[in-house]
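Asks:
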Amino acid sequence: MGLPSRGLTEALVADFRRSGGRVRFSTEVKRINQRNGSNGSTAIVHSSVDSQEYDQVITCAGLQADRLAARSGEDKNPSVVPFFGQYFILEPRFNDTVNGLIYPVPDPKYPFLGVHVTRRIDGGLMIGPNAFLSFSREGYKGLGLNVPDSLAVATDPGFWRFAAGNMATAAREIGGVLSIEKFVAEAARYVPALDGAGGRRATRGIRAQAMNRNGTLVDDFVIDRAGATMFVRNAPSPGATSALAIAEHLIDTAALT
């Protein structure tokens, strides 16, 4: 069974609304303040529209997680460094090359790297993603240059410590960013039938990579608590696959306070 690109999200929104929830689109959360009262803590959410007080708040700000936490008076670290991952759709004549998913044996140091071969629901064959520094936290097309986002990376000491120790990896990854031929060649190492395949650029994702001050990547969940607010600072892969289980854990944790 196939779903439209937003089908799952729209179904979750419908369930939420049937339970009495309200969804506010295009409303930026500026900051969250804590208020301590005789009956316990509450959280005041200041948005681009208004300010509202809640008994419990859970933030899942993704690429903006560090900024929202900092504006709310919390530690700005771990910082978020955006990495984009580009996918490619191969020529239709290669659709029947594989029938499922093929992943390379991961590098223990960077398990998220490596070209995956994926048979899509629509029958097409997709390879990807690559991984390279994004110049915008929301740069899903083209160069996607965002000056504030780029400056945030350039002034992050942790990033430069990370970069200094990973120049060889960056040089290897940039080949697949600039050339689909090199990207296909990487996939053909373990699926030889793909050798010489052509294709086109497809979707691009931005990975919200949390990074410590010392330049090490955060590879586990980071959930901070401040008063009545829970900040999800890092939710690594398989965060999307486990989203419903993670949500249940967050709700159970909030209920204990």
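According to this note's numbering, the residues represented by the sequence shown are 4 to 260, in order. Ideal Cβ positions, reconstructed from N, Cα and C, are used throughout, including at glycine.
#1: Is the beta carbon of I124 less than 8 Å from the beta carbon of L93?
#2: Would you tell me roughly how many angstroms separate the C-alpha atoms of A64 and G202, rounded to the nearest one?
#3: Would you kindly report the start and end of the unbroken alpha helix (DSSP H) that includes I254?
#4: Kindly provide the ranges of any alpha helix (DSSP H) runs that are 4 or more residues long and lie completely inside the stretch 26 to 89, ordered along the chain.
#5: Determine contact between the stretch 164 to 181 and the stretch 95 to 102, defined as no fewer than three beta-carbon pairs at a distance below 8 Å.
#6: For T256, which residues from the same chain have a beta carbon less than 6 Å from its beta carbon, with the 5 sequence-adjacent residues on both sides left out?
#7: Return yes when the Cβ of P109 is within less than 8 Å of the Cβ of G117, no when it is not.
#8: If you draw a straight line from the C-alpha of Y193 to the C-alpha of N39, how long is it?
#9: T30 to S51, Cα distance in whole Å?
#10: Identify which residue in L11, A205 and R34 has its Cα closest to the Cα of H49.
#11: Please state the DSSP three-state secondary structure of I209.
#12: Mark T12 as exposed unless 16 or more other C-beta atoms lie within 10 angstroms of its C-beta, in which case mark it buried.
#13: Pair every Cβ in the stretch 205 to 215 with every Cβ in the stretch 82 to 90, then say whether three or more of these pairs are closer than 8 Å.
#14: Could you round the C-beta distance between A72 and R236 to whole angstroms and report it? I think they count as a contact, below 8 Å.
#15: What is the rounded straight-line gap between the Cα of H119 and the Cα of P132?
#16: Going by DSSP, what residue range makes up the beta strand (DSSP E) through G131?
#17: Does DSSP put L181 in a helix, a strand or coil?
#18: For R25, does the count of other Cβ atoms within 10 angstroms reach 16, so buried, or fall short, so exposed?
#19: Compute the distance between the beta-carbons of F138 and D152, then report whether it is under 8 Å.
#20: Please identify the residue among V187, A200, Y113 and G230 whose C-alpha is closest to the C-alpha of A173.
#21: Give the range of the alpha helix (DSSP H) segment to which D18 is assigned.
#22: Return the bridge partner residues of A229 from the DSSP annotation.
#23: With burial defined as no fewer than 16 other Cβ atoms inside 10 Å of the residue's Cβ, what is the status of V150: buried or exposed?
#24: Using C-beta distances below 6 Å, list every residue in its chain close to D69, excluding the 5 sequence neighbours before and after it, in chain order.
Replies: According to the data block:
#1: Not closer than 8 Å, so no.
#2: Using only the alpha carbons, I get a separation of about 33 Å.
#3: Where I254 is concerned, the enclosing alpha helix (DSSP H) stretches over A246 to A258.
#4: Whole alpha helix (DSSP H) segments, 4+ residues: 68 to 74.
#5: With a cut-off of 8 Å, the stretch 95 to 102 and the stretch 164 to 181 do not count as touching, because too few Cβ pairs lie within range.
#6: Taken in chain order, the list of residues that qualify is empty.
#7: Yes.
#8: When rounded, the separation of the alpha-carbon atoms in Y193 and N39 is 58 Å.
#9: Rounded to whole angstroms, T30 to S51 spans 6 Å at the Cα level.
#10: Of the candidates L11, A205 and R34, R34 places its Cα closest to the Cα of H49.
#11: Reduced to three states, the DSSP call for I209 is strand.
#12: It is exposed - the Cβ of T12 has fewer than 16 other Cβ atoms within 10 Å.
#13: Judged by Cβ distances under 8 Å, the stretch 205 to 215 makes contact with the stretch 82 to 90, as three or more pairs qualify.
#14: Confirmed, about 7 Å.
#15: For H119 and P132, the distance between alpha carbons rounds to 7 Å.
#16: Element bounds for G131: L128 to G131.
#17: Three-state DSSP puts L181 in a helix.
#18: When all chains shown are included, R25 counts as exposed.
#19: Yes. Within cutoff.
#20: Minimum Cα distance to A173 is reached at Y113.
#21: Bounds of the alpha helix (DSSP H) holding D18 are G10 to R21.
#22: DSSP output for A229 lists T232 as bridge partner(s).
#23: Exposed is the call here.
#24: Result list for D69: K79, S82 and V83, in chain order.
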